[in-house]
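Residue numbers (our numbering): 8 to 481.
Glycine included, every Cβ here is placed at the ideal spot set by N, Cα and C.
Inspection log for the structure reproduced underneath, given as structure tokens.
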Ligand code: MG
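Shown next as structure tokens:
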């Protein structure tokens, strides 16, 4: 009798104890579970092309909302102003000059390029694989189209996309490149670009139908989210657009006040909304981080078919701010502290930050240029990044330290759009006062120039340039 009473009390106590403990255990378990990561990478989208970054005629409600619910970064940089080196830096956390994915002979990889990202480089996907992540790449790759260089040989479990730029493999090459682009928009057809669409390593469509490519990439991403198992995941969604040629599916064509370029950006925004809806429906939004950014600035010579750098100077191909500062948003309602971050960040930091959050050590056998931003993302602490290096090919053209940026060399986007100029003393701008780089204040701040020279010297001391992987063609 006594024993039974004792047992009943014990059971009751145990139940109460479990009830009390359960919510906190559950919370702890959620905290312990590695977060999911989604990188959405636009191509040639300018700093001024989203509503939340000030665009007056492109409607981007989903990205705007992401920014209000998450962190909007106003000084966030790509590591190069053109596709291939920028993507290499994003996925390896290293300046492309180190991996050989930058060249002074050619700026990006082409369909007849022999090489790609060297196998000894460690991608973010390979990092996250160490922690048991399911990984997928969707969209533009541009780090080598041969099988050995494709995403499935770089840490991704699957791939669906066009392996390089959507303006490549032009069917009729008799017309001059720039003359070709002066044709009216509606006479430029998707079949003029014989680009392949791959599923893993196999071509499943050629030419890829680009009218529906943005929509299909977003659908592929939604399907991935809807079918994910218990593992944490990393999804890399790299849209081919709004890089020219511009195409939108029929639901978006002709809808934006900003014309075809606006239609394209609005379709990308719609896809972002659909991915977030899928995360919510799967109950994953509290433990998923999305970062949205772009590989380089707007391709301005394309005029209305290129984007806008907003208040920034110049665009794609240059080391002016418009070439490399990107409209960047981190979103993750259960993880990311809300706010606007004016501190410095780089696409290379995503490598270090996501590695840290997944509990994977960053490689110690090589120089990693990325910096862990997790304290800023999770706790709103100041960013630990204090400087930015601006490369064109394998040459350092400019450097930023705090708010000040020194240009040692400047050059327009491509040969015809500006000659190369060496500046001695360098041009100096205070980017906090003068984001448009209009007012050279070098003569007022010799001490700051010395500090920036010191930073460059320190960086160059340990720099080993990788073998040029872009130059060899078939
Ligand atoms: Mg690009």
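Since residue i and residue j should fall inside the 8 Å C-beta cutoff, what is the C-beta to C-beta distance between them, to a whole number of angstroms?
{"i": "residue 156", "j": "residue 174", "result": "Wrong, their Cβ atoms sit about 20 Å apart, outside the cutoff."}
{"i": "residue 342", "j": "residue 328", "result": "The pair is not a contact, with the Cβ atoms about 29 Å apart (cut-off 8 Å)."}
{"i": "residue 266", "j": "residue 221", "result": "At roughly 16 Å, the Cβ-Cβ gap does not stay under 8 Å, so residue 266 and residue 221 are not in contact."}
{"i": "residue 408", "j": "residue 390", "result": "Not really, about 14 Å apart at Cβ, beyond 8 Å."}
Return the chain-ordered list of same chain residues with a C-beta closer than 8 Å to the C-beta of residue i, the five sequence neighbours on each side being excluded.
{"i": "residue 447", "result": "434, 435, 436"}
{"i": "residue 404", "result": "326, 397, 398, 414, 415, 416, 417, 418"}
{"i": "residue 471", "result": "105"}
Let me know the secondary structure DSSP gives residue i once reduced to three states.
{"i": "residue 454", "result": "helix"}
{"i": "residue 440", "result": "coil"}
{"i": "residue 315", "result": "coil"}
{"i": "residue 146", "result": "strand"}
{"i": "residue 127", "result": "coil"}
{"i": "residue 185", "result": "helix"}
{"i": "residue 272", "result": "helix"}
{"i": "residue 461", "result": "helix"}
{"i": "residue 114", "result": "coil"}
{"i": "residue 398", "result": "strand"}
{"i": "residue 54", "result": "coil"}
{"i": "residue 377", "result": "coil"}
{"i": "residue 350", "result": "strand"}
{"i": "residue 140", "result": "coil"}
{"i": "residue 45", "result": "strand"}
{"i": "residue 216", "result": "coil"}
{"i": "residue 324", "result": "coil"}
{"i": "residue 427", "result": "coil"}
{"i": "residue 471", "result": "coil"}
{"i": "residue 252", "result": "coil"}
{"i": "residue 222", "result": "helix"}
{"i": "residue 134", "result": "helix"}
Rounding to the nearest angstrom, what Cα-Cα distance links residue i and residue j in this structure?
{"i": "residue 316", "j": "residue 444", "result": "13 Å"}
{"i": "residue 218", "j": "residue 97", "result": "27 Å"}
{"i": "residue 248", "j": "residue 50", "result": "5 Å"}
{"i": "residue 418", "j": "residue 314", "result": "20 Å"}
{"i": "residue 149", "j": "residue 91", "result": "6 Å"}
{"i": "residue 400", "j": "residue 463", "result": "16 Å"}
{"i": "residue 397", "j": "residue 308", "result": "21 Å"}
{"i": "residue 289", "j": "residue 280", "result": "14 Å"}
{"i": "residue 352", "j": "residue 181", "result": "43 Å"}
{"i": "residue 477", "j": "residue 110", "result": "6 Å"}
{"i": "residue 429", "j": "residue 141", "result": "47 Å"}
{"i": "residue 365", "j": "residue 135", "result": "7 Å"}
{"i": "residue 454", "j": "residue 412", "result": "13 Å"}
{"i": "residue 256", "j": "residue 468", "result": "50 Å"}
{"i": "residue 420", "j": "residue 312", "result": "16 Å"}
Taking 6 Å as the limit between beta carbons, can you name the residues of its chain near residue i, skipping five residues before and five after?
{"i": "residue 356", "result": "377, 378, 380"}
{"i": "residue 370", "result": "129"}
{"i": "residue 360", "result": "379, 380, 381"}
{"i": "residue 30", "result": "Legend: pLDDT at residue 30 = 45, less than 50; position of this residue unreliable, value from coordinates given subsequently. Answer for residue 30: no residue qualifies."}
{"i": "residue 107", "result": "473, 474, 475, 476"}
Got a sec? Which residues, its chain only, sit under 7 Å from residue i by beta carbon, not counting five neighbours each side?
{"i": "residue 176", "result": "118, 200, 201, 202"}
{"i": "residue 449", "result": "432, 433, 434, 435, 456"}
{"i": "residue 36", "result": "Because the pLDDT of residue 36 is 49, which lies under 50, any placement of that residue in the model is unreliable, and the number read from its coordinates should be weighed accordingly. So no residue of the chain qualifies."}
{"i": "residue 260", "result": "270"}
{"i": "residue 89", "result": "114, 115, 303, 323, 324"}
{"i": "residue 340", "result": "76, 292, 293"}
{"i": "residue 207", "result": "159, 165, 166"}
{"i": "residue 466", "result": "396"}
**Request:** Would you check if there are 3 or more beta carbon pairs closer than 8 Å linking the region 78-97 to the region 260-276?
**Result:** Segments in contact, no.
**Prompt:** Looking at C-beta atoms only, is the number of pairs between the region 296-310 and the region 41-50 that lie closer than 8 Å three or more?
**Reply:** A contact exists between the region 296-310 and the region 41-50.
**Item:** Any 3 or more C-beta pairs closer than 8 Å across the region 108-124 and the region 330-337
**Value:** Result no; under three Cβ-Cβ pairs closer than 8 Å.
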